[in-house]
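Notes for the one structure printed next.
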Amino acid sequence: MYALVDGNNFYVSCERVFRPSLVGRPVVVLSNNDGCAIARSNEAKALGIKMGAPWFQIKHLEDEAGLVALSANFALYGDLSDRMMSIAAGLGHRQEIYSIDESFVDLTGIRGDLTERSRKVRERILQWIGIPTCIGLGSTKTLAKLANHVAKTAERNPGVYPDHFAQICHLGRLNKVELDEVLAATPVGEIWGVGRRISEQLGEGGIRTALDLTRIDLATVKRRFSVVLERTVRELQGTPCMDLEDEPPAKQQIACTRSFGHPVLQLVDLQEAITEFACRAAEKLRRQDSHTAQVLVFIRTSPFRAKEPQYSKSAVFPLLTPTSDSREITEAALAVLDAIYQPGFSYAKAGVMLLDLQPAERHQFMLDLSPPIEEQGGAGHSDVEVQTVDRTRLMTALDQVNGRYGRGTMLLASAGLRGPDRAWTMKQERMTQQYTTCWSDLGLVRA
DNA sequence: TCTGGGGTCCTAGGACCC
DNA sequence: TCTGGGGTCCTAGGACCC
12 MYALVDGNNF
22 YVSCERVFRP
32 SLVGRPVVVL
42 SNNDGCAIAR
52 SNEAKALGIK
62 MGAPWFQIKH
72 LEDEAGLVAL
82 SANFALYGDL
92 SDRMMSIAAG
102 LGHRQEIYSI
112 DESFVDLTGI
122 RGDLTERSRK
132 VRERILQWIG
142 IPTCIGLGST
152 KTLAKLANHV
162 AKTAERNPGV
172 YPDHFAQICH
182 LGRLNKVELD
192 EVLAATPVGE
202 IWGVGRRISE
212 QLGEGGIRTA
222 LDLTRIDLAT
232 VKRRFSVVLE
242 RTVRELQGTP
252 CMDLEDEPPA
262 KQQIACTRSF
272 GHPVLQLVDL
282 QEAITEFACR
292 AAEKLRRQDS
302 HTAQVLVFIR
312 TSPFRAKEPQ
322 YSKSAVFPLL
332 TPTSDSREIT
342 EAALAVLDAI
352 YQPGFSYAKA
362 GVMLLDLQPA
372 ERHQFMLDLS
382 PPIEEQGGAG
392 HSDVEVQTVD
402 RTRLMTALDQ
412 VNGRYGRGTM
422 LLASAGLRGP
432 DRAWTMKQER
442 MTQQYTTCWS
452 DLGLVRA
């Protein structure tokens, strides 16, 4: 049996912890650059605001309906997520943190009333952290996901599913007839792994509900769609096909990409941006103890400004010796930028991606074809080894300084020294405080 | 005027091998 | 006129997730 613990409207709930006046009001959290809505309170959903709706299209609801919009405060959400996850972990023996607001918990070997146990964990998260959650239980991860959907829907839209499923839904306790009723009430597009495209195609074939999907022929699914969808159908039928991943595998690629706050035309501005993205990506790379062998850079204009000339280009720089050194990665990235930059365009977005990642302990040295150096006396380390050690220590020091005194305390000169005055700096006009991770942002209590 | 960021997996097709 | 069989590896693109 698996449980899925999921924070309700997570980013909005995080903001409400420190600003209780937002409870009961329509609230959205906006993406970087205050671009579009990436989290909505129930009241905002009731206003008809869709996931991903551009802010400028819903801004009028500020005056008309009292809508509150906030800039994304990821430092706050990440910290509250950690706290929520540590309590959710107590539900069972093993936990997979699936996203910032969701975790699967393996309930194998847990005895007693699982619904009651889940309810207690839910209450503890609500009381200790302040985040409301829903918990779904099922015999496979896909069914636990479905159960979670049922729990959330029953809480928000009475009538779709039986009321007692609100907040906690244990599908494992249902008999066949009851389970079929739940499946029949669930549109196929709500199933984990069935997106918009596949949902449309299934609909054309008359498959509209989750129940229809469980009754489809497995061989046909595999042939007409893929092994991925076949696995989803099996899981829906109660056969586990996906394991819990309690130890997250190392990432296979690492990216840092941003849309700019203003259009960027000058190469020098792009160079600063690419330097920063490359250094951030390199930092993430070192955190997981990997090296990269390929650096990809892309730049592009805005596809939304259709009247302006469009340009989009990316290219890869292969590194002869895999590395996690910010200087080498930045040098490669800037070389790519030079090669793909075209003057005369208004650039809207750029990014750096590190590909072909490998464990740092695997060393690939250059084949040295130069003539052997005459005996210099003393054994000691070879030049290559000394360089590697120095470089590692330098990068460790860099990460430690920035970790302790804040991002950007020590940086490469090509990142520029203009700080927030840079042409491309993100727009974040509605930012809340970093209440839990920054001393100067602590909340004030007025007596 | 204003439209996010960061990932994963699978498949088809081409290049290449013997 | 007639042109095999069985592989691997890589890449681009599509689908999905939050």
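Residues are numbered in the working numbering as their position in the first sequence, beginning at 1, plus a constant of 11.
No residue lacks a Cβ here, since even glycine has one placed at the ideal position from N, Cα and C.
For residue i, which three-state DSSP category applies?
i: L81; result: strand
i: E258; result: coil
i: T197; result: coil
i: R311; result: strand
i: L60; result: For the sequence presented, residue 60 should be read as Ile rather than Leu. Looking at I60 - three-state DSSP - the assignment turns out to be coil, as it is neither helix nor strand.
i: T420; result: coil
i: Q369; result: strand
i: G8; result: Nothing can be reported for residue 8, as the shown portion of the chain is limited to 12 through 458.
i: Y463; result: A query on residue 463 cannot be resolved here, the shown segment of the chain reaching from 12 to 458 and no further.
i: S301; result: strand
i: P333; result: strand
i: V275; result: strand
i: L350; result: Leu is not the amino acid found at residue 350; the sequence shown has Ala there. Three-state result, A350: helix.
i: P65; result: strand
i: S323; result: strand
i: A459; result: Lying before the first or after the last residue shown, residue 459 is absent from the chain, which here runs from 12 to 458.
i: Y446; result: coil
i: A359; result: strand
i: I209; result: helix
i: N159; result: helix
i: G414; result: helix
i: W139; result: helix
i: I526; result: Since the first residue of the chain shown is 12 and the last is 458, residue 526 is not available in this structure.
i: G35; result: coil
i: G204; result: coil
Since residue i contacts residue j with CB under 8 Å, what's their CB separation in whole angstroms?
i: V306; j: A343; result: 4 Å
i: F309; j: A361; result: 7 Å
i: A55; j: V39; result: 5 Å
i: V205; j: V199; result: 6 Å
i: C267; j: R291; result: 4 Å
i: A155; j: L15; result: 4 Å
i: L41; j: A48; result: 6 Å
i: G89; j: I111; result: 7 Å
i: S24; j: P143; result: 6 Å
i: T197; j: A221; result: 4 Å
i: A50; j: Y22; result: 4 Å
If the criterion is Cβ atoms closer than 8 Å, does the pair residue i and residue j meet it?
i: R128; j: L102; result: yes
i: D257; j: E107; result: yes
i: P329; j: F356; result: no
i: L255; j: D117; result: yes
i: N20; j: N53; result: yes
i: S335; j: A371; result: yes
i: M421; j: S337; result: no
i: G147; j: M95; result: no
i: Q369; j: A304; result: yes
i: A346; j: S301; result: no
i: G249; j: S150; result: yes
i: R429; j: A80; result: no
i: K152; j: Y13; result: yes
i: I98; j: W139; result: yes
i: L86; j: Q445; result: Correcting the residue identity first, residue 86 is Ala in this sequence and not Leu. Yes. Within cutoff.
i: L247; j: I202; result: yes
i: S82; j: Q439; result: yes
i: T341; j: L423; result: yes
i: L409; j: I265; result: no
i: A165; j: V171; result: yes
i: N159; j: T443; result: no
Checking the sheet assignment: what are the DSSP bridge partners for residue i?
i: A14; result: V116 and L148
i: F328; result: V306
i: D220; result: The amino acid occupying residue 220 in the given sequence is Thr; Asp does not appear at that position. Its beta-bridge partners are P198.
i: Y22; result: Y22 is not bridged to any residue.
i: A266; result: M364
i: I179; result: I146
i: L41; result: A48 and S82
Is there contact here, the region 133 to 145 with the region 182 to 196, by at least three beta-carbon pairs under 8 Å?
no
Count Cβ pairs between the region 211 to 227 and the region 70 to 79 that sit closer than 8 Å; are there 3 or more?
no
Contact the region 428 to 443 vs the region 267 to 284: 3+ CB pairs below 8 Å:
yes
Count Cβ pairs between the region 63 to 70 and the region 22 to 31 that sit closer than 8 Å; are there 3 or more?
Because the criterion of three Cβ pairs below 8 Å is not met, the region 63 to 70 and the region 22 to 31 do not touch.
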